[in-house]
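Peer 1: Here it is, the structure in full.
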Amino acid sequence: FGKIDDVKWVDLKTVFIVYFRQQKKGRLFSFYESKGGKHRFEFPDEAQIVETSSFNEIDDLLLRTFTKRVAEFV
2 FGKIDDVKWV DLKTVFIVYF RQQKKGRLFS FYESKGGKHR FEFPDEAQIV ETSSFNEIDD
62 LLLRTFTKRV AEFV
């Protein structure tokens with residue numbers, strides 16, 4: 002996880018984007034706040050949309066996405 006310093010974010014009006022080095026090519030996920038207390042995460046590499054009220058549910062997906070992205074830039 003030494004590459005964690007290369008993780009950046011941008012907060013737009015309707016979406017919060019987290020990326021590794023490059024905003025488009027390095028996107029890790031997009032975050033949208035949903036109604037009803039749920040959080041919506043879109044992981045473009047996995048073609049997955051996850052709606053959850055517990056951040057623990059996305060741990061494996063975050064790790065897999067981060068590891069893949071770092072490998073692409075090395």
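If you count by the numbering used here, then the sequence shown holds residues 2 to 75, one letter each, in order. Cβ atoms here follow ideal geometry from the backbone N, Cα and C, with glycine treated the same way.
So, with DSSP's three-state summary, where would you put Leu-13?
Peer 2: Taking the first residue of the sequence shown as position 1, residue 13 is located at position 12. DSSP places Leu-13 in coil when its eight states are reduced to three.
Peer 1: Suppose contacts are defined by Cβ-Cβ distances below 8 angstroms. Is Tyr-33 in contact with Arg-41 by that definition?
Peer 2: Taking the sequence shown and counting its residues from 1, one reaches residue 33 at position 32. Taking the sequence shown and counting its residues from 1, one reaches residue 41 at position 40. Contact: yes.
Peer 1: In three-state DSSP terms, what is Val-71?
Peer 2: As a first step, residue 71 is located in the sequence shown; it is residue number 70 there, counting from the start. Three-state result, Val-71: helix.
Peer 1: What first and last residue would you give for the beta strand (DSSP E) that runs through Arg-22?
Peer 2: Residue 22 sits at position 21 when you count from the first residue of the sequence shown. Run containing Arg-22: none; DSSP gives neither H nor E here.
Peer 1: So, under 8 angstroms CB-CB, Leu-13 and Arg-70 are touching, yes? Tell me the CB distance rounded to an integer number of Å.
Peer 2: Reading the sequence shown from its first residue, position 12 is the one you call residue 13. Reading the sequence shown from its first residue, position 69 is the one you call residue 70. So it is not a contact: roughly 20 angstroms between Cβ atoms.
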